[in-house]
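S.K.: Residue numbers (my numbering): 2 to 340. Every residue gets a Cβ at the ideal spot worked out from N, C-alpha and C, and that includes glycine. Just so we're clear, the structure is a prediction, and the values are computed from it rather than from any experiment.
1. Identify which residue in 271, 299, 164, 242 has its Cα closest to the Cα of residue 281.
2. Is the distance from the Cβ of residue 48 to the Cβ of residue 95 below 8 Å?
3. What residue does the beta strand (DSSP E) around residue 92 start on, and which one ends it?
4. Using a Cβ-Cβ cut-off of 6 Å (strictly less than) and excluding sequence neighbours within five positions of residue 103, which residues of its own chain qualify?
5. Of all the options 20, 188, 166, which has the alpha carbon lying nearest to the alpha carbon of residue 133?
6. Out of 246, 158, 152, 71, which one is the CA nearest neighbour of residue 193?
7. Are the CB atoms of residue 37 and residue 75 nearer to each other than 8 Å?
8. Taking residue 1 as part of the alpha helix (DSSP H), name the residues at either end of that continuous run.
9. Mind checking whether residue 157 and residue 325 have CB atoms under 8 Å apart?
10. Under three-state DSSP, which class holds residue 120?
11. Is the separation between the beta-carbon of residue 172 and that of residue 142 shorter than 8 Å?
12. If we cut at 8 Å on Cβ distances, does residue 239 have a partner in chain D?
13. Report yes if the CB atom of residue 220 is closer than 8 Å to the CB atom of residue 316, and no otherwise.
14. Is the segment 294 to 313 touching the segment 266 to 280, taking contact as three or more C-beta pairs under 8 Å?
15. Can you look up residue 309 in the DSSP assignment and give me helix, strand or coil?
16. Where residue 88 and residue 136 are concerned, what is the direct C-alpha to C-alpha distance, given to the nearest angstrom?
17. Tell me residue 171's beta-bridge partners as DSSP assigns them.
18. What are the partner residues of residue 131, as DSSP defines its beta bridges?
19. Are the beta-carbon atoms of residue 320 and residue 288 separated by less than 8 Å?
20. Between the C-alpha atoms of residue 131 and residue 16, what's the straight-line distance to the nearest angstrom?
21. Alpha helix (DSSP H) containing residue 260: first to last residue?
22. On the DSSP bridge list, what partners appear for residue 97?
23. Applying the 10 Å Cβ sphere with the 16-neighbour rule, what's the burial state of residue 277?
24. Considering only the beta carbon of each residue, do residue 386 and residue 303 sit closer than 8 Å?
25. Identify, in the order they occur along the chain, each residue of the same chain with its Cβ nearer than 6 Å to the Cβ of residue 197, setting aside the five sequence neighbours on each side.
26. Using the three-state DSSP reduction, which class does residue 241 fall into: helix, strand or coil?
27. In the DSSP output, what is residue 272 paired with across the bridge?
28. For the alpha helix (DSSP H) holding residue 60, just list the boundary residues, first then last.
29. Starting from residue 143, follow the beta strand (DSSP E) in both directions and report where the run begins and ends.
30. Assign residue 22 to one of two classes, buried (16 or more other C-beta atoms within 10 Å of its C-beta) or exposed (fewer than that).
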């Protein structure tokens, strides 16, 4: 099999995710993340995968060599191995949630971030946000209101911290969107911190086995959530897997929403209510809002059609005139398959 054929076959495998519209950066990313031999194996393993014995029969490889190669690929984030299982299933990593979009940026102590990979990932993520996501047309992940801003009538399942509490153990890793931005665009660094990607449950177990995250306590995870909100980041994704803390200039989902109008984010169940008798019209909330949903004249007003209900406006109001209430028509997030 030629180099071109091996990577083309791998590209064809990922074509189920409709990557044709971002073909060039996708191919560049595959070449940066897989060696030729790994590309050939990934195609045979497929997204359905199998146990080591099953894959030995499928590939015809010697068992020890196959296992060593799969372990290497898992450390690089291109193969998923069920964590903590005696006879695990090995699968070629998908595209996102989690997939190549994230694992290349999480890195591993054995396979640290390479500059070529970060450049390829940064280019891919920009194309993913501006070309791929707008074509999706439905929410694939949700926004969570920061816990400190939740009203008294909030349900436990509407509280990201409460949902995380049910999903230990917990870990934290590098933001897989922000790091490539930092490395690929020297001198144009994002102002937000890097170590903000929170792992939970099986993702933490996998991340610890693969050196993709470090373990933290639940209390520390909640502290990170609070600090991210104060910094101006938006809590997204599924607390049963991992919670992203997103900005609109690096993170693919929020960038896709803000830059490309991609309808991939489901807003939270809450909106801010501003007490105009207390509002000083300082404009801090409008400056912080990641989706420009707040305007200020005599006092601040909120466009609830734009508002994500994230709570970024909440912690820095000098007059404490922002309180969150349930949206006029309560919305229920509809789950969609991960991309």
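M.R.: Taking the coordinates as given:
1. Taking the first residue of the chain shown as position 1, residue 281 is located at position 280. Comparing Cα positions, the closest option is 299.
2. Here the question's residue 48 lines up with position 47 in the chain shown. Here the question's residue 95 lines up with position 94 in the chain shown. A contact, by the Cβ cut-off of 8 Å.
3. The count along the chain shown starts at 1 and reaches residue 92 at position 91. Per DSSP, residue 92 belongs to the beta strand (DSSP E) from 91 to 93.
4. Taking the first residue of the chain shown as position 1, residue 103 is located at position 102. Annotation for residue 103: 177 place their beta carbon closer than 6 Å to its own, counting only its chain and skipping 5 residues before and after.
5. Residue 133 sits at position 132 when you count from the first residue of the chain shown. The shortest C-alpha to C-alpha distance from residue 133 to any of 20, 188, 166 is the one to 20.
6. Here residue 193 is taken as the residue at index 192 of the chain shown, counted from 1. Residue 193 has its Cα closest to that of 246, out of 246, 158, 152, 71.
7. Sequence index remark: in the chain shown, residue 37 carries index 36 (1-based). Sequence index remark: in the chain shown, residue 75 carries index 74 (1-based). At least 8 Å separates the beta-carbon of residue 37 from that of residue 75.
8. The structure shown has nothing for residue 1, since the chain only spans 2 to 340.
9. Within the chain shown, residue 157 is the residue found at index 156, counting from 1. Within the chain shown, residue 325 is the residue found at index 324, counting from 1. Contact flag unset, no.
10. Along the chain shown, read from residue 1 onward, the residue named residue 120 stands at position 119. Helix at residue 120.
11. Taking the chain shown and counting its residues from 1, one reaches residue 172 at position 171. Taking the chain shown and counting its residues from 1, one reaches residue 142 at position 141. The beta carbons of residue 172 and residue 142 sit no closer together than 8 Å.
12. Any reference to chain D falls outside this structure, which holds one protein chain only.
13. As a position in the chain shown, residue 220 is number 219, starting the count at 1. As a position in the chain shown, residue 316 is number 315, starting the count at 1. Remark: C-beta atoms of residue 220 and residue 316 do not approach each other more closely than 8 Å.
14. The segment 294 to 313 vs the segment 266 to 280: in contact.
15. Working through the chain shown from its first residue, we reach residue 309 at position 308. Reduced to three states, the DSSP call for residue 309 is coil.
16. Numbered from its first residue, the chain shown carries residue 88 at position 87. Numbered from its first residue, the chain shown carries residue 136 at position 135. Roughly 39 Å between the two C-alpha positions.
17. In the chain shown, the residue the question calls residue 171 occupies position 170. DSSP lists 201, 217 as partners of residue 171.
18. Looking up residue 131 in the chain shown gives position 130. DSSP lists no beta-bridge partner residue for residue 131.
19. Taking the chain shown and counting its residues from 1, the one referred to as residue 320 is at position 319. Taking the chain shown and counting its residues from 1, the one referred to as residue 288 is at position 287. Between residue 320 and residue 288, the gap from beta carbon to beta carbon reaches 8 Å or more.
20. For this step, residue 131 is matched to residue 130 along the chain shown. For this step, residue 16 is matched to residue 15 along the chain shown. Here the alpha carbon of residue 131 sits roughly 18 Å from the alpha carbon of residue 16.
21. One-based indexing of the chain shown puts residue 260 at position 259. Secondary structure note for residue 260: its alpha helix (DSSP H) is the uninterrupted segment 253 to 261.
22. Here residue 97 refers to the residue found at position 96 of the chain shown. For residue 97, which the question treats as bridged, DSSP gives no partner whatsoever.
23. Stepping through the chain shown from its first residue, residue 277 is reached at position 276. Classification of residue 277: exposed, given that the 10 Å Cβ count is below 16.
24. With the chain covering 2 to 340 only, the question about residue 386 has no answer from this structure.
25. On the chain shown, position 196 is the one that residue 197 refers to. The answer, listed in chain order, is 176, 229, 246.
26. Position 240 of the chain shown, counted from the start, is the residue given in the question as residue 241. Taken through DSSP and simplified to helix, strand or coil, residue 241 comes out as coil.
27. Within the chain shown, numbered from 1, the residue matching residue 272 stands at position 271. BP columns for residue 272 point to 326.
28. Position 59 of the chain shown, counting from 1, holds the residue named residue 60. Taken as a continuous stretch (DSSP letters only), the alpha helix (DSSP H) holding residue 60 covers 53 to 60.
29. Counting from 1 along the chain shown, the entry for residue 143 is found at position 142. Residues 142 to 145.
30. As a working mapping, residue 22 is identified with position 21 in the chain shown. Label assigned to residue 22: exposed.
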